[in-house]
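Residue numbers (the UniProt record's numbering): 1 to 632.
Working notes for the structure below.
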Amino acid sequence: MRNIYLDTQELEKALKIFQENILKFFYKLESETISSKDAFGRVSRNAIYAKYSSPAYHSSAMDGVMVKSEMTKYARENRPLFLKNEDFIFCNTGSALVKGYDAVIMIEDVKIEKDGITIMKAVNPWENIRIQGEDVVEKDLLFTSFHKFSSVDLSVLIASGITEVEVLKKVKLAIIPSGNEIIGEEDELKIGKIIESNSAMLISMARENGIDTLLYPIVKDNKDDIKTVLEKALNECDFITLIAGTSAGSKDYAREVLEEMGEVYAHGLSIKPGKPAILGKIGETPFVGLPGYPVSAHIIFDKIVISTILKKMRVNIEDKLILKAKLTRPIISSLKNREYIRIKIGIVDGKLIATPLDRKAGSLYSLSESDGYVIIDRNIEGYNRGDVVNVSLHRPIPKNVLENRIVSIGSHDIVLDVINDLLAIENKNTRLSSSHVGSLSGFKALSEGDSLIAPSHLLDKNGTYNNDAIKLFFKNEKVGKINVVGRRQGIYVEKGNPLGIKTIEDLLDKTMINRQRGAGTRLLFDYLLDKKNIDKYKIKGYDNEVTTHLSAALAVKNRDCDFSIGVESAAIKMDIDFIYLKDEEYQFIVKEKNLKLNSIKDIIEILKSKKFKDTMEKLGGYNTDKSGSIII
Ligand SMILES: Nc1nc2c(c(=O)[nH]1)N[C@H]1C(S)=C(S)[C@@H](COP(=O)(O)OP(=O)(O)OC[C@H]3O[C@@H](n4cnc5c(N)ncnc54)[C@H](O)[C@@H]3O)O[C@H]1N2
Ligand code: MOO
Numbered sequence: 001m002r003n004i005y006l007d008t009q010e011l012e013k014a015l016k017i018f019q020e021n022i023l024k025f026f027y028k029l030e031s032e033t034i035s036s037k038d039a040f041g042r043v044s045r046n047a048i049y050a051k052y053s054s055p056a057y058h059s060s061a062m063d064g065v066m067v068k069s070e071m072t073k074y075a076r077e078n079r080p081l082f083l084k085n086e087d088f089i090f091c092n093t094g095s096a097l098v099k100g101y102d103a104v105i106m107i108e109d110v111k112i113e114k115d116g117i118t119i120m121k122a123v124n125p126w127e128n129i130r131i132q133g134e135d136v137v138e139k140d141l142l143f144t145s146f147h148k149f150s151s152v153d154l155s156v157l158i159a160s161g162i163t164e165v166e167v168l169k170k171v172k173l174a175i176i177p178s179g180n181e182i183i184g185e186e187d188e189l190k191i192g193k194i195i196e197s198n199s200a201m202l203i204s205m206a207r208e209n210g211i212d213t214l215l216y217p218i219v220k221d222n223k224d225d226i227k228t229v230l231e232k233a234l235n236e237c238d239f240i241t242l243i244a245g246t247s248a249g250s251k252d253y254a255r256e257v258l259e260e261m262g263e264v265y266a267h268g269l270s271i272k273p274g275k276p277a278i279l280g281k282i283g284e285t286p287f288v289g290l291p292g293y294p295v296s297a298h299i300i301f302d303k304i305v306i307s308t309i310l311k312k313m314r315v316n317i318e319d320k321l322i323l324k325a326k327l328t329r330p331i332i333s334s335l336k337n338r339e340y341i342r343i344k345i346g347i348v349d350g351k352l353i354a355t356p357l358d359r360k361a362g363s364l365y366s367l368s369e370s371d372g373y374v375i376i377d378r379n380i381e382g383y384n385r386g387d388v389v390n391v392s393l394h395r396p397i398p399k400n401v402l403e404n405r406i407v408s409i410g411s412h413d414i415v416l417d418v419i420n421d422l423l424a425i426e427n428k429n430t431r432l433s434s435s436h437v438g439s440l441s442g443f444k445a446l447s448e449g450d451s452l453i454a455p456s457h458l459l460d461k462n463g464t465y466n467n468d469a470i471k472l473f474f475k476n477e478k479v480g481k482i483n484v485v486g487r488r489q490g491i492y493v494e495k496g497n498p499l500g501i502k503t504i505e506d507l508l509d510k511t512m513i514n515r516q517r518g519a520g521t522r523l524l525f526d527y528l529l530d531k532k533n534i535d536k537y538k539i540k541g542y543d544n545e546v547t548t549h550l551s552a553a554l555a556v557k558n559r560d561c562d563f564s565i566g567v568e569s570a571a572i573k574m575d576i577d578f579i580y581l582k583d584e585e586y587q588f589i590v591k592e593k594n595l596k597l598n599s600i601k602d603i604i605e606i607l608k609s610k611k612f613k614d615t616m617e618k619l620g621g622y623n624t625d626k627s628g629s630i631i632i
């Protein structure tokens with residue numbers, strides 16, 4: 001039977017109903033006694049009071065000599081005072097104060113003589129002394145009940161004589177991956193199979209929040225097998241999560257099994273990604289069905305599983321930091337769901353900008369690349385380009401990381417990855433943060449202040465590169481060009497060129513996958529077709545697009561088309577054949593005022609380096625003779 005869940009609930013409402021139904025889970029507070037040294041991240045069960053004062057006795061705060069302050073009161077710069085050996089005691093930082101002495105003179109202020117010392121100034125009573133209990137007094141309240149211990153707290157405990165603490169037992173969370181197509185990372189990846197990768201992310205998210213996990217073997221889409229593993233998990237764990245099988249597929253059994261074994265409180269939330277989540281319980285054990293797509297699983301795990309367990313542990317759920325930033329692209333959202341849109345942040349001309357990333361729930365890498373989410377609530381249609389939006393950060397971003405991030409929007413080339421890797425190897429803080437939209441859109445973004453550099457390779461009428469576009473987009477502002485690499489553009493064909501393609505004319509009856517509108521490679525292809533008077537729309541697949549050279553090469557390798565177009569290096573990387581068409585210049589377009597930025601200087605330094613030239617040479621199909629030179 002298929003589950004059809006037409007009615008979705010708001011996340012907060014579903015969470016409330018779920019939590020109201022698992023009160024026994026919340027009230028069962030088991031504790032254990034552990035060494036204070038192991039208490040990092042753990043939560044105290046009771047209030048904790050200091051056993052000793054700290055310092056435990058009066059002690060010297062400096063290396064020097066212990067004195068009776070009264071005896072030093074007449075010492076002056078112009079009237080040195082001599083103290084005999086029996087009038088003082090040499091001491092170190094931390095030495096216990098000897099009875100009768102009440103001050104310490106730093107060793108730098110003492111002149112050592114044969115049978116005593118000379119001092120040039122008086123000391124006050126208790127000067128340079130750490131008084132007993134100055135930091136903590138015996139029986140002081142150190143920590144309240146339900147306090148989560150930080151690294152510093154552990155030292156406080158130990159310094160105050162508390163060697164053991166009673167803490168809440170960690171919640172043990174079952175993570176059960178499911179699906180007939182799911183294989184272990186050690187298994188061979190074949191068509192139709194998916195590597196089980198969600199649990200690695202979920203286990204470390206749990207660990208970050210002080211939750212223990214038990215990972216079960218991958219269970220097949222089979223009701224009996226799912227029931228067997230759930231029975232086992234019920235005996236071994238306090239909370240159960242089942243990955244996948246939550247939606248409407250013919251093999252999605254999570255809901256059915258939960259209905260048979262326990263209770264379902266919600267199936268279907270009005271959020272995206274994460275919509276098909278299932279909340280319920282089996283016996284008294286909370287159960288959450290996580291949608292299989294990684295981004296959906298991540299959101300439901302964070303918003304429901306972790307937040308519920310932290311609530312039980314009485315740990316505050318920290319609100320995420322919010323940054324206001326200007327959207328570089330419009331976002332259209334459905335009125336039915338609250339959407340979590342992944343965002344990458346950057347700074348351009350002193351302003352924070354927000355670039356929306358891939359929205360698909362299966363695009364795990366875009367989650368890893370993102371800095372946070374823009375949340376678009378139900379009943380909001382979305383935002384326009386240029387709108388200032390709130391970005392809820394996954395974690396705080398250090399200022400220097402943001403300032404050293406070069407927002408690059410434009411054409412794609414593998415060289416961008418090479419530059420980033422070399423920046424890391426050379427221990428520079430600068431990084432390229434690239435969006436691949438093609439050369440023309442890159443120019444538009446640069447001219448509208450959405451990016452710092454625009455990688456581009458637009459052929460001019462007179463055979464140079466990018467000058468026509470500069471004239472068109474920058475009428476009142478000076479821009480410079482940084483030569484990145486020369487590249488060879490051509491046609492990608494299957495290895496061995498079985499269709500015998502040699503010239504542009506041979507492409508007429510073949511199927512292609514094109515690059516996106518505005519991509520320099522596509523424009524070059526159009527130009528070459530034009531020169532031969534070939535109607536581009538006669539080429540089958542002309543409108544099918546991909547956005548990078550590597551994806552174009554992959555499409556040929558996978559035989560999704562007869563040919564595609566792009567730079568030679570991607571053909572070499574994908575091990576397919578390449579038919580040369582033209583040399584071209586790939587350049588970074590930068591506003592002249594920004595050429596002096598340290599981050600841009602870092603890029604130029606890398607481009608001029610021998611390591612860069614060697615790496616590009618190894619990749620093949622590149623010319624680095626002009627790399628790093630600037631044309632204004
Ligand atoms: N007809 C409909 N189909 C789908 C709907 C819908 O409403 N109607 N909802 C879609 C949404 S939204 C989501 S999210 C997914 C959720 O799917 P399931 O929870 O049923 O999970 P699967 O279909 O089994 O898997 C989805 C996807 O994720 C991969 N996966 C599963 N487990 C793992 C894992 N441990 N590690 C890595 N990847 C995993 C799985 O292979 C699939 O590719 O349903 C939509 N469909
Ligand atoms: O709502 Mo599903 O969780 O988008 O991808």
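Cβ atoms here follow ideal geometry from the backbone N, Cα and C, with glycine treated the same way.
Owing to the predicted nature of the structure, the values given are computational and were not obtained by experimental measurement.
(Q) Given the structure, does lysine 275 come close to ligand 1, in the sense that its CB is under 8 Å from one of the ligand's heavy atoms? (A) As a position in the sequence shown, residue 275 is number 275, starting the count at 1. Yes; taking the cut-off as 8 Å, the Cβ of lysine 275 has a heavy atom of ligand 1 nearer than that.
Q) Is residue 633 near ligand 1, in the sense that its beta carbon is under 8 Å from a heavy atom of that ligand? A) What the structure shows of the chain is the stretch from 1 to 632, and residue 633 is not part of that stretch, so it cannot be assessed.
Q: Along the alpha helix (DSSP H) that carries glutamine 19, what are the first and last residues, could you check?
A: Within the sequence shown, numbered from 1, the residue matching residue 19 stands at position 19. Where glutamine 19 is concerned, the enclosing alpha helix (DSSP H) stretches over 11-20.
Q: Please work out which residues of its chain come closer than 7 Å, Cβ to Cβ, to residue 633, disregarding the five sequence neighbours upstream and downstream, and give them in chain order.
A: Residue 633 falls outside the range modelled here, since the chain spans only 1 to 632, and no answer is possible.
Q) Enumerated in chain order, which unbroken segments of the alpha helix (DSSP H) with a length of 4 residues or greater are wholly contained in the stretch 282-341? A) Counting whole runs of 4 or more residues, the stretch 282-341 contains the alpha helix (DSSP H) stretches 294-300, 307-312.
**Q.** Identified DSSP bridge partners for methionine 106
**A.** The residue given as residue 106 occupies position 106 in the sequence shown. Methionine 106 pairs with Gly64.
(Q) Suppose you measure from the CA of residue 694 to the CA of tyrosine 49; what does that come to, to the nearest Å? (A) Outside the displayed span of the chain (1 to 632) sits residue 694, for which this structure offers no information.
Q | When Gly274, Gly280, Asn180, Lys172 are compared against alanine 233, the one with the closest alpha-carbon | A | If you number the sequence shown from 1, residue 233 lands on position 233. Closest by alpha carbon: Lys172.
Q) Smallest Cα separation from methionine 71: which of Asp509, Asn92, Pro125, Glu403? A) Along the sequence shown, read from residue 1 onward, the residue named residue 71 stands at position 71. Comparing Cα positions, the closest option is Pro125.
**Q.** Limits of the unbroken alpha helix (DSSP H) element including histidine 549
**A.** Looking up residue 549 in the sequence shown gives position 549. Boundaries of the alpha helix (DSSP H) around histidine 549: 549-557.
Q: Quick one: residues in its chain with C-beta nearer than 7 Å to the C-beta of arginine 45, no 5 flanking neighbours on either side, listed in chain order?
A: Counting from one through the sequence shown, the residue named residue 45 turns up at place 45. So the list reads Ser31, Ser145, Glu166, Val167, Leu168, once near-sequence residues are dropped.
Q. Just to confirm, does proline 330 get its C-beta within under 8 Å of one of the non-hydrogen atoms of ligand 2?
A. For the purposes of this step, residue 330 is taken as residue 330 along the sequence shown, with counting starting at 1. No - ligand 2 has no heavy atom lying nearer than 8 Å to the Cβ of proline 330.
Q. For aspartate 358, which three-state DSSP category applies?
A. What you label residue 358 is simply residue 358 of the sequence shown in a count that begins at 1. Aspartate 358: coil per DSSP, three-state reduction.
Q) Given that a residue counts as buried once 16 or more other Cβ atoms are within 10 Å of its Cβ, and exposed if not, what is tyrosine 101? A) Here residue 101 is taken as the residue at index 101 of the sequence shown, counted from 1. Result: buried.
Q. Going by DSSP, what residues sit across from asparagine 623 in a beta bridge?
A. Locating residue 623 in the sequence shown gives position 623, where the first residue counts as 1. Per DSSP, Gly486.
(Q) In the DSSP output, what is phenylalanine 143 paired with across the bridge? (A) The sequence position of residue 143 within the sequence shown is 143, counting from 1. Per DSSP, Ile48.
Q. Rounded C-beta distance between leucine 452 and serine 439? I'm assuming under 8 Å.
A. Within the sequence shown, numbered from 1, the residue matching residue 452 stands at position 452. Within the sequence shown, numbered from 1, the residue matching residue 439 stands at position 439. Their Cβ separation, rounded to whole angstroms, is 16 Å, which puts leucine 452 and serine 439 out of contact at 8 Å.
Q. Distance, Cα to Cα, residue 677 vs tyrosine 373?
A. There is simply no residue 677 to check, as the chain begins at 1 and stops at 632 in what is shown.
Q. DSSP state of residue 658, grouped into three classes?
A. Lying outside 1 to 632, the shown extent of the chain, residue 658 is not represented and no answer is given.
(Q) According to DSSP, histidine 436 sits in a beta bridge with which residue or residues? (A) In the sequence shown, counting from the first residue as 1, residue 436 sits at position 436. Bridge partners of histidine 436: Gly410.
Q) Just how far apart, CA to CA, sit glycine 621 and aspartate 417? A) Here residue 621 refers to the residue found at position 621 when the sequence shown is read from its first residue. Here residue 417 refers to the residue found at position 417 when the sequence shown is read from its first residue. Roughly 16 Å separates the two Cα atoms.
Q.
Just to confirm the assignment, what range does the beta strand (DSSP E) spanning valine 391 have?
A. For this step, residue 391 is matched to residue 391 along the sequence shown. It spans 388-393 - the beta strand (DSSP E) in which valine 391 sits, taken as one unbroken run.
Q: Please find out if some non-hydrogen atom of ligand 2 comes closer than 8 Å to the beta-carbon of tyrosine 293.
A: Within the sequence shown, residue 293 is the residue found at index 293, counting from 1. Within the cutoff, so yes.
Q.
Using the three-state DSSP reduction, which class does valine 479 fall into: helix, strand or coil?
A. Walking along the sequence shown from the start, residue 479 turns up at place 479. Valine 479: strand per DSSP, three-state reduction.
(Q) Let me confirm a value: proline 177 is counted as buried when at least 16 other C-beta atoms fall within 10 Å, else exposed. Which label applies? (A) Position 177 of the sequence shown, counting from 1, holds the residue named residue 177. Classification for proline 177: buried.
**Q.** Counted within 10 angstroms of its Cβ, other Cβ atoms place arginine 130 as buried (16 or more) or exposed
**A.** Position 130 of the sequence shown holds residue 130. Result: buried.
Q: Sort out for me which residues DSSP pairs alanine 454 with in a bridge.
A: Position 454 of the sequence shown, counting from 1, holds the residue named residue 454. Note: alanine 454 is bridge-paired with Ile589 in the DSSP secondary-structure output.
Q.
My output table needs one value for asparagine 514: the three-state DSSP class, helix, strand or coil.
A. The count along the sequence shown starts at 1 and reaches residue 514 at position 514. Looking at asparagine 514 - three-state DSSP - the assignment turns out to be strand.
Q | serine 392 to isoleucine 375 span [Cα, whole Å] | A | Against the sequence shown, residue 392 aligns to sequence position 392. Against the sequence shown, residue 375 aligns to sequence position 375. Those two C-alpha atoms are separated by around 8 Å.
Q) Would the beta-carbon of lysine 121 fall within 9 Å of that of aspartate 109? A) The count along the sequence shown starts at 1 and reaches residue 121 at position 121. The count along the sequence shown starts at 1 and reaches residue 109 at position 109. Cβ distance < 9 Å, so lysine 121 and aspartate 109 count as in contact.
Q. Whose C-beta lies closer than 8 Å to the C-beta of isoleucine 630 among residues of the same chain, with five residues either side of it excluded?
A. Here residue 630 refers to the residue found at position 630 when the sequence shown is read from its first residue. Closer than 8 Å at Cβ, skipping near neighbours: Gly480, Lys481, Ile482, Asn483, Leu595, Ile604.
Q) Which word fits threonine 118, buried or exposed, when buried means at least 16 other C-beta atoms lie within 10 angstroms of its C-beta? A) Along the sequence shown, read from residue 1 onward, the residue named residue 118 stands at position 118. Classification of threonine 118: exposed, given that the 10 Å Cβ count is below 16.
Q.
Please classify leucine 279 as buried or exposed, where buried requires at least 16 other C-beta atoms within 10 Å of its C-beta.
A. As a first step, residue 279 must be located in the sequence shown, where it is residue number 279. Leucine 279 should be labelled buried.
Q) Does the beta-carbon distance from asparagine 198 to glycine 292 come in below 9 Å? A) Looking up residue 198 in the sequence shown gives position 198. Looking up residue 292 in the sequence shown gives position 292. Against a cut-off of 9 Å, the Cβ pair of glycine 292 and asparagine 198 comes out as a contact.
Q) Hey, would you say leucine 15 sits closer than 9 Å to threonine 308, going by beta carbons? A) Counting from 1 along the sequence shown, the entry for residue 15 is found at position 15. Counting from 1 along the sequence shown, the entry for residue 308 is found at position 308. Yes.
Q | Beta-bridge pairing of glutamate 30 - partner residues as DSSP gives them | A | Here the question's residue 30 lines up with position 30 in the sequence shown. Answer is none; glutamate 30 lacks a bridge partner.
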